[in-house]
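First up is the structure itself, then whatever we jot down about it.
Protein chains: 2
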Amino acid sequence: MSTRFVMDRPAGLPDRIADRLLAQIESGEIAEGEVLPTESALAQSFGVSRNVVREAIARLRYDGILDSRQGRGATVLPRDARLTFRIDDSGLADEAALADLFELRGVLEIEIAGIAALRHGEGDLAELRGVLADLDAGPAFDEASLEADARFHRALAAATDNAYLKGISTYIAFRLKGTSRDTAAIYRSDDLVRRTIAEHRHILDRVAVRDPDGARDAMRQHIRQAADRLGVALREDRFSVSR
Amino acid sequence: MSTRFVMDRPAGLPDRIADRLLAQIESGEIAEGEVLPTESALAQSFGVSRNVVREAIARLRYDGILDSRQGRGATVLPRDARLTFRIDDSGLADEAALADLFELRGVLEIEIAGIAALRHGEGDLAELRGVLADLDAGPAFDEASLEADARFHRALAAATDNAYLKGISTYIAFRLKGTSRDTAAIYRSDDLVRRTIAEHRHILDRVAVRDPDGARDAMRQHIRQAADRLGVALREDRFSVSR
DNA sequence: TTATCCCATTTGTCCAACAATCCTATCATC
DNA sequence: GATGATAGGATTGTTGGACAAATGGGATAA
Chain W
1218 MSTRFVMDRP AGLPDRIADR LLAQIESGEI AEGEVLPTES ALAQSFGVSR
1268 NVVREAIARL RYDGILDSRQ GRGATVLPRD ARLTFRIDDS GLADEAALAD
1318 LFELRGVLEI EIAGIAALRH GEGDLAELRG VLADLDAGPA FDEASLEADA
1368 RFHRALAAAT DNAYLKGIST YIAFRLKGTS RDTAAIYRSD DLVRRTIAEH
1418 RHILDRVAVR DPDGARDAMR QHIRQAADRL GVALREDRFS VSR
Chain H
1218 MSTRFVMDRP AGLPDRIADR LLAQIESGEI AEGEVLPTES ALAQSFGVSR
1268 NVVREAIARL RYDGILDSRQ GRGATVLPRD ARLTFRIDDS GLADEAALAD
1318 LFELRGVLEI EIAGIAALRH GEGDLAELRG VLADLDAGPA FDEASLEADA
1368 RFHRALAAAT DNAYLKGIST YIAFRLKGTS RDTAAIYRSD DLVRRTIAEH
1418 RHILDRVAVR DPDGARDAMR QHIRQAADRL GVALREDRFS VSR
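Protein sequence lines correspond, in order, to chains W and H. Every letter in the first sequence is one number past the one before it in the numbering used here, and letter 153, counting from 1, is 1370. Every letter in the second sequence is one number past the one before it in the numbering used here, and letter 75, counting from 1, is 1292.
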């Protein structure tokens, strides 16, 4: 959870307090249904002002982790009441969790490719072609190339005409962006870049001719190789090209 | 966005201010990259204290809508930097958005069924069988039946052994829970309940014999009919049983 | 032109107070 | 004894003001 951005800007007091409170909740130190200490007490125990504690609690309340009511205090809500789907930073560090995240991303992207093949309009194709052109322009595996990759997937998701699919897809892509940058520094080979472009073009081809199964297969292959490039070990039972 | 819960508890000041600010951003009244008025100015223009404005801004910043820095002000971030995947209450009211959400749910649940068929262990099957037994016990379409339905899907997601798949699935299921309850009041027929149970049993059967394609098909059918029962019109290009 | 310093602006944090709401204990009534 | 009304303490919600820290820009000097 913790830091909001990949930036090294130090987190503010409310964020840190919220994280500490969340940790206490996750660890069961404060059980479900239980009421937190009063804001004043928390402020004193954390050594900050009540204002900071209030912002921290507001954050947790906003995510459906606790519910505070005037005069009663803040109670911890049941786990399945969480209001947002959020990917912790901790998950990005753990290798197995990263593989799981890639699996989720794969499931979504593959179906997105299939749906985009069925539903895309003219504007969508133009956007996708434009992104590929940009990828061609800069053959180096640099920041711009990563951004273009993200734009491709975003444009594809947009072509599904489903705001939720687009939302979850771009969210995961954004969370994975930092990871990609870190690991990708190793693979500065132009050959790999060219292969990535080829994979994208293959997907676009199948989408353009409205071949959903072909688009899905192309995307499955792309995800699989992207995972390979990043050294993420997917479970083989799922991502074999012919299932 | 607005109200957090279905409860009729009136929203607090910060929530309302955040909504008004968000509306101004969404409408383009405050463009991307632009800086908001200062907190003091906003406080004065909204007729609230600066503290309230601060909490509102904190909420928007937390979702990656704004980025505020000390001494500089709060700037509007590009739309695709949104940090959380969140299902607004407004989306649950809008019919088209509800259909989109069902589509996302379908995509996930279908693949979950397939993966569960491949990966489930003995404990998973026992749990799933237990849920079905509970469903059999109470033939009425009541609260317990809804809860058992949710448990079935949760147990299935758990069988994938992928925390993210489980997380996103249960999150969506929870957000859809209220909607199901509201609309389901109309369908108090025992026949429908029996058909739902039969669908679940069919899924479990395919999972148990480790037949991923069969499990996917069974789940696809289940999602499709569940949407029917709730009067949600899925787009037919996706959810035909034989694609 | 370029580098440095200074300063107004703006957010971050703190403090103290009052209002609104909730919970509980007490009391009155049946 | 049970039940309902009431009062009071406790806790969050909101306000207002103050200072600290960081940012950006402009003035100044080399």
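Note that CB positions come from ideal geometry on N, CA and C, so glycine has one too.
Residues of the same chain with a CB within less than 7 Å of the CB of I1420 (chain H), apart from the 5 flanking positions on each side, are A1330, A1432, A1435, M1436, H1439 in chain order.
The straight-line gap separating the alpha-carbon atoms of E1344 (chain H) and G1245 (chain W) is approximately 24 Å.
At least 8 Å separates the beta-carbon of L1352 (chain W) from that of I1304 (chain W).
Taken through DSSP and simplified to helix, strand or coil, R1418 (chain H) comes out as helix. Contact annotation: V1348 (chain H) and F1369 (chain H) have beta-carbon atoms nearer than 8 Å. Nearest CB-CB separation between R1427 (chain W) and chain H: not below the 8 Å threshold. Between L1321 (chain W) and I1247 (chain W), the C-beta spacing is not below 8 Å.
Under the Cβ distance rule, F1369 (chain W) does not count among the residues neighbouring chain H, no pair being separated by less than 8 Å. For G1431 (chain W), not one C-beta of chain H is nearer than 8 Å to its own C-beta.
In the three-state scheme derived from DSSP, where H, G and I count as helix and E and B as strand, A1450 (chain W) is classed as coil. Taking 8 Å as the CB threshold, V1269 (chain W) stays off the interface with chain H. For A1444 (chain W), the three-state secondary structure derived from DSSP is helix. At a cut-off of 8 Å between C-beta atoms, V1293 (chain H) does not count as an interface residue with respect to chain W. One finds N1379, A1380, Y1381, L1382 in chain H with Cβ atoms closer than 8 Å to the Cβ of D1317 (chain W), taken in chain order. The beta carbon of R1423 (chain H) sits closer than 7 Å to those of A1334, G1431, A1432, A1435, all from its chain and outside the five residues before and after it, given in chain order. Under the DSSP assignment, G1290 (chain W) falls outside any alpha helix (DSSP H), being part of the beta strand (DSSP E) whose first and last residues are 1290-1293. Pairing V1293 (chain W) with I1242 (chain W) gives a Cβ-Cβ distance under 8 Å. In the three-state DSSP reduction, L1315 (chain H) falls in the helix class (H, G or I).
Rounded to whole angstroms, R1446 (chain H) and F1302 (chain H) show a C-alpha spacing of 27 Å. Residues of chain H whose Cβ lies closer than 8 Å to the Cβ of A1275 (chain W) are, in chain order, P1231, E1272, A1275, R1276. It is roughly 11 Å from the alpha-carbon of S1262 (chain W) to the alpha-carbon of T1255 (chain W).
Your pair N1268 (chain H) and N1268 (chain W) checks out as a contact, with CB atoms roughly 7 Å apart and the cut at 8 Å. Sequence-distant Cβ neighbours of L1259 (chain H) in its own chain, meaning closer than 6 Å and more than five residues away, are V1270. Collapsing the DSSP output to three states places L1253 (chain H) in coil.
Spatial neighbours of R1346 (chain W) in its own chain (CB-CB distance under 8 Å, excluding positions within 5 residues in sequence) are listed in chain order as L1421. For P1231 (chain H), the closest alpha carbon among the candidates H:T1396, H:V1265, H:A1450 is that of H:V1265. Comparing C-alpha distances from A1310 (chain H) to each of H:G1384, H:R1392, H:R1411, H:Q1442 shows the shortest one belongs to H:R1392. Shortest Cα-Cα distance from Y1381 (chain H) to any of H:S1362, H:H1417, H:E1328, H:V1426 involves H:E1328.
Interface flag for R1289 (chain H) against chain W is unset, since no Cβ pair is found closer than 8 Å. Of the residues H:R1412, H:S1386, H:R1452, H:R1411, the one whose Cα lies closest to the Cα of E1326 (chain H) is H:S1386.
Non-local beta-carbon contacts of R1276 (chain W) in its own chain, meaning distances under 6 Å to residues more than five positions away in sequence, involve A1235 in chain order.
Following the DSSP letters along the chain, one finds D1280 (chain W) in no beta strand (DSSP E), marked with neither H nor E.
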